[in-house]
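Working notes, structure below.
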Amino acid sequence: MDNKQFPQQEEDSLRPNAAAEDMSPVIEELTFQEETPEIQELSFEQVQETKAETAEPILMEPVSIEEPPIQMEALIPEAPAEEVLSQELPEEAIFEETAPLPQPSEVPSKEPAQESLPAIEPLPDISLEDTLLQQLIAEETPELDARILEEVTRIQQEEEPALQGPSDQEFQVHDKEFDELLQAPATPEAPTPPPRQVNKGRPKRKKGEGLLGIPNILVTFVWLALIVMIGVTAGRMLWVCAADVLAFGREDKVVTVTIYEADTMEDIVDKLHKNGLIRYKSLFQFYADISDAEEDIKPGIYDLNTRYDYHALVNFMSPRSSREVITLTIPEGYTCRQIFALLEENRICTAQDIAAYAADGELNDYWFLEGVERGTETCLEGYLFPDTYEFYKNSTPREALQRMLNNFEIKFDEEMRAQLDALNADLTGDYTVREITIVASLIEKESAAPSESPKVAGVIYNRLFNWGSNPAYLNIDASIVYALDGKADLTREDLQMDHPYNTYTNIGLTPGPISNPGLSSLKAALNPESHNYYYYVLNPATGMHQFSTTNEEHNAYVRQFAEAE
Numbered sequence: 010m011d012n013k014q015f016p017q018q019e020e021d022s023l024r025p026n027a028a029a030e031d032m033s034p035v036i037e038e039l040t041f042q043e044e045t046p047e048i049q050e051l052s053f054e055q056v057q058e059t060k061a062e063t064a065e066p067i068l069m070e071p072v073s074i075e076e077p078p079i080q081m082e083a084l085i086p087e088a089p090a091e092e093v094l095s096q097e098l099p100e101e102a103i104f105e106e107t108a109p110l111p112q113p114s115e116v117p118s119k120e121p122a123q124e125s126l127p128a129i130e131p132l133p134d135i136s137l138e139d140t141l142l143q144q145l146i147a148e149e150t151p152e153l154d155a156r157i158l159e160e161v162t163r164i165q166q167e168e169e170p171a172l173q174g175p176s177d178q179e180f181q182v183h184d185k186e187f188d189e190l191l192q193a194p195a196t197p198e199a200p201t202p203p204p205r206q207v208n209k210g211r212p213k214r215k216k217g218e219g220l221l222g223i224p225n226i227l228v229t230f231v232w233l234a235l236i237v238m239i240g241v242t243a244g245r246m247l248w249v250c251a252a253d254v255l256a257f258g259r260e261d262k263v264v265t266v267t268i269y270e271a272d273t274m275e276d277i278v279d280k281l282h283k284n285g286l287i288r289y290k291s292l293f294q295f296y297a298d299i300s301d302a303e304e305d306i307k308p309g310i311y312d313l314n315t316r317y318d319y320h321a322l323v324n325f326m327s328p329r330s331s332r333e334v335i336t337l338t339i340p341e342g343y344t345c346r347q348i349f350a351l352l353e354e355n356r357i358c359t360a361q362d363i364a365a366y367a368a369d370g371e372l373n374d375y376w377f378l379e380g381v382e383r384g385t386e387t388c389l390e391g392y393l394f395p396d397t398y399e400f401y402k403n404s405t406p407r408e409a410l411q412r413m414l415n416n417f418e419i420k421f422d423e424e425m426r427a428q429l430d431a432l433n434a435d436l437t438g439d440y441t442v443r444e445i446t447i448v449a450s451l452i453e454k455e456s457a458a459p460s461e462s463p464k465v466a467g468v469i470y471n472r473l474f475n476w477g478s479n480p481a482y483l484n485i486d487a488s489i490v491y492a493l494d495g496k497a498d499l500t501r502e503d504l505q506m507d508h509p510y511n512t513y514t515n516i517g518l519t520p521g522p523i524s525n526p527g528l529s530s531l532k533a534a535l536n537p538e539s540h541n542y543y544y545y546v547l548n549p550a551t552g553m554h555q556f557s558t559t560n561e562e563h564n565a566y567v568r569q570f571a572e573a574e
């Protein structure tokens with residue numbers, strides 16, 4: 010059955026409070042003094058009659074609930090209730106069909122009565138067992154004793170002070186705390202962001218006005234002025250750039266510009282600007298980038314006119330512009346440094362570039378360079394054959410060097426190789442082409458004329474192989490001049506300096522050639538004159554050398570030529 014037929018308020022009113030629980034032993038003792046009547050057995054007709062009588066709707070009278078509620082269950086005898094419940098009646102029927110107990114009216118109430126509960130609708134189809142149970146509870150429930158009610162009232166009055174509210178003193182304390190809270194400083198609130206301005210839309214312009222209220226005619230005039238200024242400025246810039254690119258208004262002047270292998274495009278632009286060939290470096294750099302001028306410009310020495318435009322400057326600094334042929338004679342006995350300077354002077358290539366390439370540049374595989382250590386600018390000394398050449402202007406260092414090396418390979422032919430083998434047989438030596446080149450370089454520097462070169466070669470070989478017990482000091486001044494990089498006026502201190510090329514202090518040949526000998530000197534080194542001379546001195550009167558066998562004879566010639574001066 011639905012429990013909602015009994016409101017929750019009425020069910021709570023039936024629960025005992027603390028005072029009622031304290032009185033439960035007294036009530037139980039009074040209740041059990043009476044005997045519980047026995048339940049009589051009824052026939053079927055009696056049950057039907059009883060069922061018909063109880064079918065009328067049961068209305069519950071309004072009950073006033075008092076605080077605290079009295080435990081009504083304690084007023085019911087326990088023994089009869091247990092006997093009734095032992096008759097296997099449904100628990101739901103016992104709870105739902107129980108008739109309301111009468112509320113004693115003698116108990117005084119100090120609190121206002123609560124609202125009366127609404128009448129409960131008649132329960133449909135109440136069973137016989139439920140009816141009997143209700144009658145039994147109604148008949149056997151004794152009336153409350155007045156003494157019990159007085160005891161309950163006394164207990165409630167004793168507990169009332171505990172239920173009273175706070176005293177006046179407590180209210181004063183709470184009021185003081187509340188005043189302190191009101192006087193406390195307010196907690197600072199976080200600053201609220203300024204309200205966002207709402208765009209109310211673009212204000213309407215007045216007729217005849219433009220931006221910011223300026224008249225339209227004035228705005229038009231300002232725009233026209235700006236356009237004219239921008240146009241004039243742009244036109245002037247274009248004219249200036251065009252004048253530099255096309256070389257307008259330049260003077261007619263020729264300048265020399267040297268471009269090296271190690272120069273970058275920035276270095277080339279700086280040289281052109283420094284020599285007055287361009288005005289704006291960034292503009293020429295831009296032109297070079299879009300025209301690939303860096304690929305066209307090659308190292309060399311160029312004569313450029315200041316009236317050349319950008320295209321002409323790039324064209325004249327490239328080999329394809331004009332392959333001008335230059336005829337150049339390299340004198341016999343020139344050193345590598347002298348040859349490099351001569352090539353730069355004649356616009357063949359720069360001395361810096363060709364010296365660097367001679368040290369580490371890639372060359373053809375020449376047989377006579379076997380055993381030669383590269384790494385210095387003079388490592389090719391003795392093999393740059395002196396002759397008359399035709400070079401292209403602004404040639405590469407490789408082209409210039411290989412022209413001279415190829416000529417040496419041609420001149421030192423198979424016949425000269427056979428002569429080298431014959432010389433080694435006569436001198437019981439083991440000379441290679443390198444030693445022959447060193448001897449030829451010494452001959453080239455010591456001989457006053459090609460006619461006396463074989464005789465000078467004989468003196469060198471006599472000192473090296475036929476001087477008896479004397480140490481093989483060659484005492485050649487030209488080797489010291491080479492060591493001192495061309496110093497002509499030698500002193501006694503120079504003759505005694507510690508240097509590998511000093512033939513006054515070192516026995517034998519120099520470590521390398523001291524010049525680039527010509528063909529006559531090479532042939533004299535392979536075919537020396539046979540004689541017994543060991544000394545020679547230059548005769549200023551004739552310009553030729555005077556040869557002698559002994560040191561005394563040699564010293565006499567020296568004094569004689571000195572007195573003649």
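Position in the sequence shown counted from 1, then plus 9, gives you my numbering.
Note that the Cβ used here is the ideal one computed from N, Cα and C, for glycine as well.
> Would a C-beta distance cut-off of 7 Å place C345 and E390 closer than the cut-off?
Replying inline: What you label residue 345 is simply residue 336 of the sequence shown in a count that begins at 1. What you label residue 390 is simply residue 381 of the sequence shown in a count that begins at 1. E390 is positioned such that its CB atom lies closer than 7 Å to that of C345.
> Alpha carbon to alpha carbon, how far is I452 from I335?
Replying inline: Within the sequence shown, numbered from 1, the residue matching residue 452 stands at position 443. Within the sequence shown, numbered from 1, the residue matching residue 335 stands at position 326. Cα to Cα, I452 sits roughly 30 Å from I335.
> Can you name, in chain order, every residue of its own chain whose Cβ lies under 6 Å from the Cβ of I348, other than the five neighbours on each side?
Replying inline: The count along the sequence shown starts at 1 and reaches residue 348 at position 339. Answer for I348: I339, L393, listed in chain order.
> Any beta-carbon of chain B closer than 7 Å to the one on G309?
Replying inline: Going by chain labels, chain B is absent from the structure shown, which holds only one protein chain.
> With 16 as the cutoff for other CB atoms within 10 Å, does A550 come out buried or exposed?
Replying inline: Here residue 550 corresponds to residue number 541 of the sequence shown, with the count starting at 1. Exposed, because fewer than 16 other Cβ atoms sit within 10 Å of the Cβ of A550.
> If you draw a straight line from the C-alpha of R426 to the C-alpha of T446, how long is it?
Replying inline: Your numbering for residue 426 matches position 417 in the sequence shown. Your numbering for residue 446 matches position 437 in the sequence shown. Distance between the alpha carbons of R426 and T446: 12 Å.
>> Looking at the strands, I want to know which residues DSSP matches up with D276.
In response: Reading the sequence shown from its first residue, position 267 is the one you call residue 276. DSSP output for D276 lists no bridge partner at all.
>> Quick check: what's the CA-CA separation for E372 versus T514?
In response: For the purposes of this step, residue 372 is identified with residue 363 of the sequence shown, where counting begins at 1. For the purposes of this step, residue 514 is identified with residue 505 of the sequence shown, where counting begins at 1. According to the sequence as given, residue 372 is Leu; it is not Glu. Straight-line measurement puts the Cα of T514 at about 36 Å from the Cα of L372.
> Helix or strand or just coil, what does DSSP make of N564?
Replying inline: For the purposes of this step, residue 564 is identified with residue 555 of the sequence shown, where counting begins at 1. Helix.
> Do you know how far the Cα of D374 is from the Cα of P522?
Replying inline: Here the question's residue 522 lines up with position 513 in the sequence shown. Here the question's residue 374 lines up with position 365 in the sequence shown. C-alpha separation (whole angstroms): 20 Å.
>> What would DSSP say about N433, mapped onto helix, strand or coil?
In response: The residue labelled residue 433 in the question sits at position 424 within the sequence shown. It is helical.
> Is it true that the CB of A297 sits closer than 7 Å to the CB of C358?
Replying inline: Locating residue 358 in the sequence shown gives position 349, where the first residue counts as 1. Locating residue 297 in the sequence shown gives position 288, where the first residue counts as 1. Cβ atoms of C358 and A297: not closer than 7 Å.
> If you pair each beta-carbon of the segment 456-476 with each one of the segment 527-538, do three or more pairs fall below 8 Å?
Replying inline: Contact between the segment 456-476 and the segment 527-538 is present: 3 or more CB-CB pairs across the two stretches fall below 8 Å.
> So, helix, strand or coil for E390, using DSSP?
Replying inline: Here the question's residue 390 lines up with position 381 in the sequence shown. Of the three classes helix, strand and coil, the one that applies to E390 here is coil, per DSSP.
> Name the DSSP bridge partner or partners of V254?
Replying inline: Taking the sequence shown and counting its residues from 1, one reaches residue 254 at position 245. Looking at the DSSP assignment, V254 forms no beta bridge with any residue, so it has no partner.
> Can you tell me whether DSSP reads M5 as helix, strand or coil?
Replying inline: Outside the modelled stretch of the chain, which goes from 10 to 574, sits residue 5, for which no answer is possible.
>> I'd like to know whether the C-beta atoms of V266 and Y319 end up nearer to each other than 7 Å.
In response: Working through the sequence shown from its first residue, we reach residue 266 at position 257. Working through the sequence shown from its first residue, we reach residue 319 at position 310. It is not a contact, given that the beta carbons lie outside the stated cut-off.
>> Below 8 Å on the Cβ atoms is my contact criterion, and I expect Y440 with Q361 to pass it. Report the Cβ-Cβ distance as a whole number of Å.
In response: In the sequence shown, the residue the question calls residue 440 occupies position 431. In the sequence shown, the residue the question calls residue 361 occupies position 352. Not really, about 35 Å apart at Cβ, beyond 8 Å.
>> Is the separation between the beta-carbon of E461 and that of P395 shorter than 7 Å?
In response: Here residue 461 is taken as the residue at index 452 of the sequence shown, counted from 1. Here residue 395 is taken as the residue at index 386 of the sequence shown, counted from 1. Result no, Cβ atoms of E461 and P395 do not sit closer than 7 Å.
> What is the DSSP secondary structure of M506, reduced to helix, strand or coil?
Replying inline: By one-based count along the sequence shown, residue 506 stands at place 497. Reduced to three states, the DSSP call for M506 is coil.
>> From the DSSP secondary-structure annotation, give me the bridge partner or partners of D312.
In response: What you label residue 312 is simply residue 303 of the sequence shown in a count that begins at 1. D312 pairs with T265.
> Do you know offhand how far L352's Cα is from Y491's?
Replying inline: The residue labelled residue 352 in the question sits at position 343 within the sequence shown. The residue labelled residue 491 in the question sits at position 482 within the sequence shown. The alpha-carbon atoms of L352 and Y491 are separated by roughly 20 Å.
> Among the residues of its own chain, which have a CB less than 6 Å from the CB of P526, if the five just before and after it don't count?
Replying inline: As a position in the sequence shown, residue 526 is number 517, starting the count at 1. Spatial neighbours of P526 in its own chain (CB-CB distance under 6 Å, excluding positions within 5 residues in sequence) are listed in chain order as A449, S450, E453.
> If you draw a straight line from the alpha carbon of T377 to that of S404, how long is it in whole angstroms?
Replying inline: Reading the sequence shown from its first residue, position 368 is the one you call residue 377. Reading the sequence shown from its first residue, position 395 is the one you call residue 404. Note on residue identity: the sequence assigns Phe, not Thr, to residue 377. The alpha-carbon atoms of F377 and S404 are separated by roughly 25 Å.
>> Just to confirm before moving on: does the CB-CB distance between A457 and H563 stay below 7 Å?
In response: Taking the first residue of the sequence shown as position 1, residue 457 is located at position 448. Taking the first residue of the sequence shown as position 1, residue 563 is located at position 554. In this structure, H563 does not lie closer than 7 Å to A457 by Cβ.
> Between D279 and the rest of its own chain, which residues show a CB-CB distance below 8 Å, the 5 nearest in sequence each way excluded?
Replying inline: Here residue 279 is taken as the residue at index 270 of the sequence shown, counted from 1. Closer than 8 Å at the Cβ level, and outside the excluded window around D279, lie K290.
> Roughly how many angstroms separate the alpha carbons of I239 and S327, rounded to a whole number?
Replying inline: Position 230 of the sequence shown, counted from the first residue, corresponds to residue 239. Position 318 of the sequence shown, counted from the first residue, corresponds to residue 327. Whole-angstrom Cα-Cα distance: 40 Å.
> When DSSP builds the beta bridges, which residues end up paired with N548?
Replying inline: Translated into positions along the sequence shown, residue 548 becomes position 539. The partner list for N548 (beta bridge, DSSP) reads M553.
> With 16 as the cutoff for other CB atoms within 10 Å, does S557 come out buried or exposed?
Replying inline: For the purposes of this step, residue 557 is identified with residue 548 of the sequence shown, where counting begins at 1. Burial call: buried.
>> Once the 5 residues before and after G370 are set aside, which same chain residues still bring their CB inside 8 Å of it?
In response: Your numbering for residue 370 matches position 361 in the sequence shown. P406, R407, L410, listed in sequence order.
> Between the Cα of R356 and the Cα atoms of T273, D494, P308, which residue gives the shortest distance?
Replying inline: As a first step, residue 356 is located in the sequence shown; it is residue number 347 there, counting from the start. The shortest Cα separation from R356 among T273, D494, P308 belongs to P308.
> If you draw a straight line from the C-alpha of Q569 to the C-alpha of A434, how long is it?
Replying inline: Counted from its first residue, the sequence shown places residue 569 at position 560. Counted from its first residue, the sequence shown places residue 434 at position 425. Answer to the nearest angstrom: the Cα atoms are 40 Å apart.
> Are L286 and L313 close, meaning C-beta to C-beta below 7 Å?
Replying inline: As a first step, residue 286 must be located in the sequence shown, where it is residue number 277. As a first step, residue 313 must be located in the sequence shown, where it is residue number 304. Taking 7 Å as the Cβ cut-off, L286 and L313 qualify as a contacting pair.
> Counting along the chain, where does the alpha helix (DSSP H) carrying V442 start and finish?
Replying inline: Position 433 of the sequence shown, counting from 1, holds the residue named residue 442. Segment 442-455, the alpha helix (DSSP H) holding V442.
> Between the C-alpha atoms of Y398 and E354, what's the straight-line distance to the nearest angstrom?
Replying inline: Position 389 of the sequence shown holds residue 398. Position 345 of the sequence shown holds residue 354. Looking at the two C-alpha atoms, the distance is approximately 15 Å.
>> Which of the three DSSP states is assigned to T519 in this structure?
In response: For the purposes of this step, residue 519 is taken as residue 510 along the sequence shown, with counting starting at 1. Three-state result, T519: coil.
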